[in-house]
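A.B. asks: One rule links them: number in the working numbering = place in the sequence shown (from 1) + 34.
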Amino acid sequence: MKSALHILQYALLVIAALVVATYLNGQNVAQSKSDSRGENSSRSSQIVKTASRAATHPVRIEDLEIPDEPFARNVAIASWILEIDENRLSDWLSQSIEATWKVPQSTRDRFQTLLIQRLATSNPEQAIAFALARADPIRTELLNAVFSEWGMKELSTAIERVKILDIEVFERLDLLETLVDVNDELDDEDKRQIIDDFRDEENLSDYALDSVKRERVEKPKEEWYKTLKLAQTQSKTYDDLVPIAQVWIDESGVSVLDEINDSVTSYGLRKELLTQALTWFANSQPEQAFNYALTHDFPGKNFTLNEIVRAWASEGDAVEALQTLNGLPNSQLRRELVDRGTMVWMGIDWKLYYRRYEPEPLKLLDNLHLLPASLHSAVSATAIESLVSAESPTRAVEMVFQLDETLQLSAARALVEEWARRDLNACVEWVLSSPDSKDLRNKLYHTLAWKLLDEGEPELAFQVGLRQPIPYHGFGLEGDLMGDIASDDLSLALELLPDVREGTTQMNAYVSVAEELFNRGKTEEAIDLGTDLESKDHYHYYLRLSWTWAQSNPKEFLEAIEQIPGTAVRSYVARQQILWHHLNNYFTTNQLRTLDTHLNERDRKYLEENR
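(1) Counting only runs of 4+ residues fully inside the stretch 443-487, write out the alpha helix (DSSP H) ranges in chain order.
(2) In whole angstroms, what is the alpha-carbon distance linking E117 and H91?
(3) Is it right to say Q139 is buried, meaning 16 or more other beta carbons lie within 10 angstroms of its own, or is it exposed?
(4) Quick one: complete alpha helix (DSSP H) runs, 4+ long, within the stretch 181-217?
(5) Within this structure, are the beta carbons of Y575 and M541 separated by less than 8 Å?
(6) Can you tell which of N157, L210, A106 and F164 has the C-alpha that lies nearest to the C-alpha of Q129?
(7) So the alpha helix (DSSP H) D170 belongs to, where does it begin and stop?
(8) Between E493 and L449, how many whole angstroms is the CB-CB distance? I'm expecting something under 8 Å.
(9) Does the stretch 213-220 come within contact of the stretch 246-258, defined as at least 3 CB pairs closer than 8 Å?
(10) Please list the segments of the alpha helix (DSSP H) lying wholly inside the stretch 223-306, counting only runs of 4 or more residues, in order along the chain.
(11) Could you tell me the distance, in whole angstroms, from the CA atom of E354 to the CA atom of Q502?
(12) Output the boundary residues of the alpha helix (DSSP H) element that contains N401.
(13) Could you tell me the boundaries of the alpha helix (DSSP H) in which I100 lies?
(14) Do Y620 and A594 have their C-beta atoms closer together than 8 Å?
(15) Just mark N459 as buried or exposed, buried being the case when its beta carbon has 16 or more other beta carbons within 10 Å.
(16) Measure how close the beta-carbons of L404 and Q357 come, nearest whole angstrom, since I'm counting them as under 8 Å.
(17) Looking at the secondary structure, which residues open and close the alpha helix (DSSP H) in which K639 lies?
(18) Which residue from A192, A495 and E536 puts its Cα closest to that of I504?
(19) Between L482 and the rest of its own chain, which residues show a CB-CB distance below 6 Å, the 5 nearest in sequence each way excluded?
(20) Taking 8 Å as the cut-off, does the stretch 255-263 touch the stretch 218-238 (at least 3 CB pairs, one atom from each stretch)?
(21) Taking 7 Å as the limit between beta carbons, can you name the residues of its chain near L371, skipping five residues before and five after?
(22) Do you know offhand how far D221's Cα is from A415's?
(23) Would you tell me roughly how many angstroms separate the C-alpha atoms of E132 and R195, rounded to the nearest one?
(24) Classify L275 as buried or exposed, calling it buried when 16 or more other Cβ atoms lie within 10 Å of its own Cβ.
(25) Take L486 and list the residues in its own chain whose beta-carbon comes closer than 6 Å to its own, dropping the five residues that flank it on each side.
(26) In terms of alpha-carbon separation, which member of Q160, E96 and N121 lies closest to T134?
(27) Does the beta-carbon distance from W379 to A352 come in below 8 Å?
(28) Does the Cβ of H632 have 16 or more other Cβ atoms within 10 Å, making it buried, or fewer, making it exposed?
(29) Under the rule that 16 or more other beta-carbon atoms within 10 Å means buried, what is A38, buried or exposed?
(30) Got a sec? Which residues, its chain only, sit under 8 Å from I100 by beta carbon, not counting five neighbours each side?
(31) Considering Cα atoms alone, identify which of A602, E558, V547 and L592 is closest to Y573.
(32) Give the range of the alpha helix (DSSP H) segment to which I342 is assigned.
(33) Does the beta carbon of P532 come closer than 8 Å to any beta carbon on chain B?
(34) Roughly how far, in whole angstroms, is the beta-carbon of S586 from the beta-carbon of Q611, given that I think they are within contact range, below 8 Å?
(35) Over what stretch of residues does the alpha helix (DSSP H) that includes Q151 continue unbroken?
(36) Starting from the C-beta of D637, find all residues in its chain whose C-beta is less than 6 Å away, skip the five residues before and the five after it, and write them out in chain order.
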């Protein structure tokens, strides 16, 4: 049984197929990454922008760049929440209720639900406290998320906690029903017993699962009106209407929904009944259910259409569903439904956080033409990734080269991500020797190198980085890797530095290692490291080192500037810091005077002409 957290982890693997986007801190790194990626198109570019393997997420949730497109937005939110640590998780959850965070309510709800379900795995009591402090309808959704997740891990503990939750007894009953319903390790008899025990403890009336209620219905039309009348004085009887409606539709067809709709005066009840009845009917007759919902006006129509498409794509024929959707007039609704059907077919269902469907990789690849062109890259990458586990890497490799050339790179990157996770050595051997396309192999070095770094193989990652040709006006991959290597193993980084290729790549690598030395308080070593470079590179090296230094500790920077080798280099660094002072205000007036003492006449004149 897979918990919601496992589903999120799976979703992140899907994201790895959707994007290969990593970046490091520093002004010049972004261009290098851009040269090695080459992703485009409207929705794909939004996903690329927001999902990053090595991204340092902002402290403030309002600083997140949230995509406009629903598909990209859902991918980004899931990736962020799975990547952050526990402290950031709690912090973001607190920030998610602040009025200063200007986002649509649906986005806020999505963030909170995913944050809560992840928190439920490590601190369920904190998650419960947050959920209880919210107002309905999000309170109920959050509580369902917490206990569904917790129940996957510690069922008996979660059940006992529901029983003493400080909410109305029928709310506890509903929550308990959800908890046991999503747990696929329990059979119907176990679920019924848990619910019956709770009802006995609370002296509630008899209870039956919907499946049992449907078996008891003999004359659905007669029982419908009898129960509807009874519900006017006994509101809990409303729960019996859904299974009666489901049996009635099964026996008489979807047209009975007209009579059901006309017989119910409550807007909210009509919405719930029609949605559940049509979604139920869609499990056996999806096309009829869809056509009815499409051609009739009723409360919650768009939501119901989404649920029918979900059922059609997951339980029925996804190809048939998408063919039907593509036959609709072009509209925002059609695009939303195609996106929903596609995501479910890919194995993701964002709205039902506890469910996950197994994608059909070969079927996905055979039917790319049914999907919008903007989704081809993401879907083909997901299919290839799934094929690695469903069949074999060899089969996945074969299918990569049957794709259109414009899709091969993203699919091959997804292949490398999944294959390396399962068999790192075999994946390395394939990337280094097998791809027929030299251009494709060169681009895969980037993906493989970062994956090796993730797998604790920094030296091999560095050697792979050396294999990737340096793009025109770009930087070598090994220089980009050096910051992460230095952070994890500074001694190894210092050992590898002499092998970095010359030029801007070398400069980036040296500065990355120097910044790590500086962060560890080894300022003299950071300064001495620059002397290994050619004298003409000293200007750029010490200037870049001074950016971080002056910002974090201007006093210490001024005390150590004397150690920078060469009066001309010291003057140049001092000149630039004085020139930028009006932008950052790092220095006091007295400190500026100290900087001024390091200026030579040439740089002093430059400042007079340019300030």
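Cβ coordinates follow ideal geometry from the N, Cα and C atoms, glycine included.
Predicted, not measured: the structure shown is a model, and the values here were computed from it.
C.D. replies: In this structure, then:
(1) List check, alpha helix (DSSP H) in window: 458-467.
(2) Going by the C-alpha atoms only, they are around 9 Å apart.
(3) That one is exposed.
(4) Within the stretch 181-217, the complete alpha helix (DSSP H) runs of at least 4 residues are 189-197 and 203-215.
(5) The criterion of a C-beta distance shorter than 8 Å is satisfied by Y575 and M541.
(6) The shortest Cα separation from Q129 among N157, L210, A106 and F164 belongs to F164.
(7) D170 -> no alpha helix (DSSP H), and no H or E assigned at all.
(8) For E493 against L449, the beta-carbon gap comes to about 24 Å, at or over 8 Å, which does not count as contact.
(9) The count of Cβ pairs closer than 8 Å, one atom from the stretch 213-220 and one from the stretch 246-258, stays below three, leaving the stretches out of contact.
(10) Those alpha helix (DSSP H) runs which fall completely within the stretch 223-306 and span 4+ residues are 244-250, 254-265, 275-286 and 290-297.
(11) So the alpha carbons of these two residues sit roughly 44 Å apart.
(12) Where N401 is concerned, there is no enclosing alpha helix (DSSP H), given that its DSSP letter is neither H nor E.
(13) Taken as a continuous stretch (DSSP letters only), I100 belongs to no alpha helix (DSSP H), as it is neither H nor E.
(14) No, these two residues do not count as a Cβ contact at 8 Å.
(15) It is exposed - the Cβ of N459 has fewer than 16 other Cβ atoms within 10 Å.
(16) Yes, L404 and Q357 are in contact; Cβ-Cβ is about 6 Å, under 8 Å.
(17) First-last of the alpha helix (DSSP H) with K639: E635 to N644.
(18) Nearest option by C-alpha distance: E536.
(19) Excluding sequence positions up to five before and after L482, its CB lies within less than 6 Å of the CB of V450, V465 and V498, all in the same chain and listed in chain order.
(20) By the criterion of at least three beta-carbon pairs nearer than 8 Å, the stretch 218-238 is not in contact with the stretch 255-263.
(21) If the five residues before and after L371 are omitted, its C-beta is found closer than 7 Å to the C-beta atoms of L339, N340, V343 and L359, all from its own chain and listed in chain order.
(22) So the alpha carbons of these two residues sit roughly 36 Å apart.
(23) Note on geometry: alpha-carbon atoms of E132 and R195 lie some 29 Å from one another.
(24) If you draw a 10 Å sphere on the C-beta of L275, you find 16 or more other C-beta atoms in it, and that means buried.
(25) L494 and A495, listed in sequence order.
(26) Taking only the C-alpha atoms, the option nearest T134 is E96.
(27) Annotated as proximal: W379 and A352, with beta-carbon spacing under 8 Å.
(28) By the neighbour-count rule (16 or more Cβ atoms within 10 Å), H632 is buried.
(29) With a pLDDT of 48 at A38, under the threshold of 50, the modelled position of this residue cannot be trusted; read the value that follows with caution. Buried, because 16 or more other Cβ atoms sit within 10 Å of the Cβ of A38.
(30) Answer for I100: T84, R107, A110, I111, V137 and T141, listed in chain order.
(31) When only C-alpha atoms are compared, the closest one is A602.
(32) That run of the alpha helix (DSSP H) goes K335 to E349.
(33) Here there is only one protein chain, and chain B is not present.
(34) Here S586 is actually not in contact with Q611; their C-beta atoms are around 14 Å apart, not less than 8 Å.
(35) Segment Q139 to S156, the alpha helix (DSSP H) holding Q151.
(36) Cβ within range, chain order: S605 and R609.
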